[in-house]
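A.B. asks: Quick one: structure below, then a few questions.
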Amino acid sequence: MHEEHELSERKKMILKAIVDAHIENGEPVGSKYLTQGGGFSYSSATIRNEMAELEALGYLEQPHTSAGRVPTEAGYRFYVDTLVERYRMTQAEAESLKAQLRDKQAEIDSILDTAMRLAASMTNYTAIAVRPRVASMTVKKFELVPVDETSMVLVMVTAGGAVRTQNIVSQRPVTDEALKKLANLMNIRLAGLTGDQFTLPIMMELESAMGEYSFLVDPVVKSVCQTISASGAGDIKIDGVDRLLSYPEYYDIGRLREMLAMFERKDELLQLISGECAPMMPSGQPDEGVHVYIGSENPVIVMDNSSLVFKPIKKDGRTVGAIGIIGPTRMNYKKVISMIDDITDNISNMLGTPALGDGSNGG
């Protein structure tokens with residue numbers, strides 16, 4: 024990683040201008056562009072010398088077919104960490120964001136879907152919504168609600184405050200009293216345990232306590248285990264994959280196919296983001312920032328010509344989701360980082376968690 028003190032203010036200004044210009048038009052940037060359109064008062068010779076030094080430091084590279092230069096991954100990384108400015112949403116964008124999220128306030132999945140579509144349309148890149156994998160989800164309260172003599176609804180309130188339900192059909196008629204008794208026993212013996220802690224002795228204890236209604240224990244506890252397993256598996260949704268086609272970086276059909284296959288599998292992306300969405304960073308500090316992976320920084324191999332930007336969404340200190348953007352390394356980081364920050368902060372505020380500032384972290 025290049026240290027900030029290696030660059031003079033002039034080099035920083037020139038690097039920023041080159042990255043901004045390349046993001047905007049996709050073409051190599053020459054000294055003529057900077058002297059005529061970049062607002063620099065330095066001579067062409069001075070700018071060429073500075074560009075050559077930036078290239079020697081690894082921040083720029085020169086395509087063989089052009090006299091101009093383009094940013095390297097190190098150049099983009101320095102830009103993201105040091106030079107990028109905060110994009111300010113227009114009043115219309117901010118109001119649209121708040122209104123659309125407010126309409127979906129009831130369910131976190133609905134909020135994430137809405138936020139994902141907003142992120143795709145506002146940035147013109149591919150957007151993702153993630154429910155991260157959870158290592159050990161637990162249920163803090165159980166309730167069994169009768170529907171008729173043989174049907175019931177199992178209601179589970181997770182430690183994170185989410186409510187999960189399962190419909191269960193019994194082999195034989197069951198009384199309301201039996202359902203209340205089983206729910207009470209589960210609250211005493213199973214609340215706060217993870218699925219792998221539901222041992223055979225505990226099951227036998229529940230069956231013994233339920234007497235003639237012991238047949239209820241197996242289907243109900245199986246439903247609990249299925250819910251815990253499904254909730255902990257994580258999920259990822261993707262919107263705007265077709266937007267990649269508008270960028271020349273994805274004109275290579277072979278590379279595009281690899282990207283599409285990755286989107287179809289989803290596992291690699293889910294594993295990456297779930298790992299980064301752990302409640303605490305290695306430093307022991309809460310992870311509140313925007314994560315930016317540029318090109319080969321991505322552990323997902325087929326994304327070595329792409330950038331991934333995402334930020335976890337917190338509720339009561341726990342990660343409940345993440346919103347992200349995938350696009351070419353020539354991404355409009357200024358807009359994307361700010362949009363992701365604003366969208367996730369709005370969601371966190373709606374969920375009752377005040378935003379703790381913005382900023383970006385490396386991959």
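Residue numbering for the sequence shown follows the numbering used here, starting at 24 and increasing by one per position.
In this text, a Cβ means the ideal position worked out from N, Cα and C, and glycines have one as well.
1. Do you know how far the Cα of residue 163 is from the Cα of residue 146?
2. Quick check for students: name the residue ranges of the alpha helix (DSSP H) that lie wholly in the stretch 78-144, counting only runs of 4 or more.
3. Taking DSSP's pairing of strands, which residues face residue 345 in a bridge?
4. Tell me the DSSP bridge mates of residue 188?
5. Any heavy atom of the ligand GTP inside 8 angstroms of the beta-carbon of residue 350?
6. I believe residue 351 touches residue 230 by the beta-carbon criterion, under 8 angstroms. Please report the beta-carbon distance rounded to the nearest angstrom.
7. I believe residue 135 touches residue 344 by the beta-carbon criterion, under 8 angstroms. Please report the beta-carbon distance rounded to the nearest angstrom.
8. With residue 313 as the anchor, note down where its beta strand (DSSP E) starts and where it stops.
9. So, does the stretch 173-182 touch the stretch 353-373, judging by three or more C-beta pairs under 8 angstroms?
10. Are the Cβ atoms of residue 92 and residue 74 separated by less than 9 angstroms?
11. Considering only their Cβ atoms, is the gap separating residue 357 from residue 110 smaller than 9 angstroms?
12. Since residue 169 is in the beta strand (DSSP E), which residue starts that stretch and which ends it?
13. Between which residues of its own chain and residue 240 is the CB-CB distance below 8 angstroms, once the five residues before and five after are set aside?
14. Which whole runs of the beta strand (DSSP E) in the stretch 225-291 are 3 residues long or more, in chain order?
15. Taking the C-alpha atoms as reference points, what is the distance between residue 84 and residue 186?
16. Any idea if residue 196 is buried or exposed, counting beta-carbon neighbours within 10 angstroms, 16 or more meaning buried?
17. From residue 208 to residue 220, what distance separates their C-alpha atoms?
18. Identify every run of the alpha helix (DSSP H) within the stretch 34-65, keeping only runs that are complete inside it and at least 4 residues long; order them along the chain.
19. Examine the Cβ distances between the stretch 277-288 and the stretch 324-332 and report whether three or more of them are shorter than 8 angstroms.
20. Could you check if residue 302 is buried or exposed, using at least 16 other CB atoms within 10 Å of its CB as the buried criterion?
21. Rounded to the nearest angstrom, how far is the Cβ of residue 266 from that of residue 148, given a contact under 8 angstroms?
22. Does residue 193 come out as helix, strand or coil in the three-state DSSP assignment?
23. With the cut-off set at 9 angstroms, would you say residue 332 and residue 318 are in Cβ contact?
24. Rounded to the nearest angstrom, what separates residue 56 and residue 32 at their Cα positions?
25. Output the distance between the C-alpha atoms of residue 131 and residue 199, rounded to the nearest integer angstrom.
26. Apply the 10 Å Cβ neighbour rule to residue 339 and answer buried if 16 or more other Cβ atoms are within range, or exposed otherwise.
27. What is the rounded straight-line gap between the Cα of residue 283 and the Cα of residue 86?
28. Could you tell me whether the Cβ atoms of residue 353 and residue 46 are closer together than 9 angstroms?
29. Classify residue 329 as helix, strand or coil using the three-state DSSP reduction.
30. Between residue 372 and chain C, is any beta-carbon pair separated by less than 9 angstroms?
31. Out of 165, 151, 190, state which residue places its alpha-carbon closest to the alpha-carbon of residue 171.
32. Can you find the residues in the same chain that come closer than 6 angstroms, C-beta to C-beta, to residue 150, ignoring five residues on each side of it along the sequence?
33. For residue 259 versus residue 289, is the C-beta distance shorter than 9 angstroms?
34. Determine, using beta carbons only, whether residue 165 and residue 201 come nearer to each other than 9 angstroms.
35. Can you have a look at residue 63 and say buried or exposed, based on whether 16 or more other CB atoms are within 10 angstroms of its CB?
36. So, is residue 305 buried or exposed, given that buried needs 16 or more other C-beta atoms within 10 angstroms?
C.D. replies: Per the coordinate set shown:
1. By 1-based counting over the sequence shown, the position of residue 146 is 123. By 1-based counting over the sequence shown, the position of residue 163 is 140. Using only the alpha carbons, I get a separation of about 40 angstroms.
2. 96-101, 114-126
3. Here the question's residue 345 lines up with position 322 in the sequence shown. Secondary-structure assignment with DSSP links residue 345 through a beta bridge to 153, 335.
4. Residue mapping note: residue 188 aligns to position 165 of the sequence shown, counting from 1. BP columns for residue 188 point to 178.
5. Among the components of this structure there are no ligands whatsoever, and the ligand GTP is therefore not found.
6. By 1-based counting over the sequence shown, the position of residue 351 is 328. By 1-based counting over the sequence shown, the position of residue 230 is 207. Rounded, the Cβ-Cβ distance is 59 angstroms, inconsistent with contact.
7. For the purposes of this step, residue 135 is identified with residue 112 of the sequence shown, where counting begins at 1. For the purposes of this step, residue 344 is identified with residue 321 of the sequence shown, where counting begins at 1. With a Cβ gap of about 5 angstroms, residue 135 and residue 344 count as contacting.
8. Looking up residue 313 in the sequence shown gives position 290. Start and end: 313-317.
9. no
10. Residue mapping note: residue 92 aligns to position 69 of the sequence shown, counting from 1. Residue mapping note: residue 74 aligns to position 51 of the sequence shown, counting from 1. In this structure, residue 74 lies closer than 9 angstroms to residue 92 by Cβ.
11. Position 87 of the sequence shown, counted from the start, is the residue given in the question as residue 110. Position 334 of the sequence shown, counted from the start, is the residue given in the question as residue 357. Yes, these two residues count as a Cβ contact at 9 angstroms.
12. Numbered from its first residue, the sequence shown carries residue 169 at position 146. Run containing residue 169: 162-169, per the beta strand (DSSP E) assignment.
13. As a first step, residue 240 is located in the sequence shown; it is residue number 217 there, counting from the start. Answer for residue 240: 205, 226, 229, 230, 233, listed in chain order.
14. 258-262
15. Translated into positions along the sequence shown, residue 84 becomes position 61. Translated into positions along the sequence shown, residue 186 becomes position 163. In a straight line, the C-alpha of residue 84 is about 53 angstroms away from that of residue 186.
16. What you label residue 196 is simply residue 173 of the sequence shown in a count that begins at 1. Classified as exposed, residue 196 has fewer than 16 neighbouring CB atoms from the shown chains inside 10 Å of its CB.
17. Counting from one through the sequence shown, the residue named residue 208 turns up at place 185. Counting from one through the sequence shown, the residue named residue 220 turns up at place 197. Taking the straight line from one Cα to the other gives about 16 angstroms.
18. 54-60
19. yes
20. Walking along the sequence shown from the start, residue 302 turns up at place 279. Bear in mind that the predicted position of residue 302 carries a pLDDT of just 44, short of 50, making it too unreliable to give a figure here.
21. Within the sequence shown, numbered from 1, the residue matching residue 266 stands at position 243. Within the sequence shown, numbered from 1, the residue matching residue 148 stands at position 125. Indeed, because the Cβ distance is near 6 angstroms, the residues count as touching under 8 angstroms.
22. Looking up residue 193 in the sequence shown gives position 170. Coil at residue 193, not helix or strand.
23. Sequence index remark: in the sequence shown, residue 332 carries index 309 (1-based). Sequence index remark: in the sequence shown, residue 318 carries index 295 (1-based). Cβ distance not < 9 angstroms, so residue 332 and residue 318 don't count as in contact.
24. The residue you call residue 56 lines up with position 33 of the sequence shown. The residue you call residue 32 lines up with position 9 of the sequence shown. Between residue 56 and residue 32, the C-alpha separation is close to 19 angstroms.
25. Walking along the sequence shown from the start, residue 131 turns up at place 108. Walking along the sequence shown from the start, residue 199 turns up at place 176. The straight-line gap from Cα to Cα measures roughly 32 angstroms.
26. For the purposes of this step, residue 339 is taken as the residue at position 316 of the sequence shown. Label assigned to residue 339: exposed.
27. For the purposes of this step, residue 283 is taken as residue 260 along the sequence shown, with counting starting at 1. For the purposes of this step, residue 86 is taken as residue 63 along the sequence shown, with counting starting at 1. Rounded to whole angstroms, residue 283 to residue 86 spans 28 angstroms at the Cα level.
28. The residue given as residue 353 occupies position 330 in the sequence shown. The residue given as residue 46 occupies position 23 in the sequence shown. Their beta carbons are under 9 angstroms apart, which means residue 353 touches residue 46 by this criterion.
29. Taking the sequence shown and counting its residues from 1, one reaches residue 329 at position 306. In the structure shown, residue 329 sits in a strand (DSSP, three-state: E or B).
30. The chain inventory of the structure shown lacks chain C, comprising one protein chain alone.
31. Walking along the sequence shown from the start, residue 171 turns up at place 148. The option with the nearest alpha carbon to residue 171 is 190.
32. One-based indexing of the sequence shown puts residue 150 at position 127. Here the set comprises 139, 142, 143, 262, 263, 348.
33. Walking along the sequence shown from the start, residue 259 turns up at place 236. Walking along the sequence shown from the start, residue 289 turns up at place 266. Yes, Cβ-Cβ distance for residue 259 and residue 289 is below 9 angstroms.
34. Numbered from its first residue, the sequence shown carries residue 165 at position 142. Numbered from its first residue, the sequence shown carries residue 201 at position 178. No, Cβ-Cβ distance for residue 165 and residue 201 is not below 9 angstroms.
35. Within the sequence shown, residue 63 is the residue found at index 40, counting from 1. So residue 63 counts as buried.
36. Working through the sequence shown from its first residue, we reach residue 305 at position 282. Confidence in residue 305 is poor, its pLDDT being 34 and thus under 50, which makes the residue's placement unreliable; the coordinate value appears in the next sentence. Per the 10 Å Cβ criterion, exposed.
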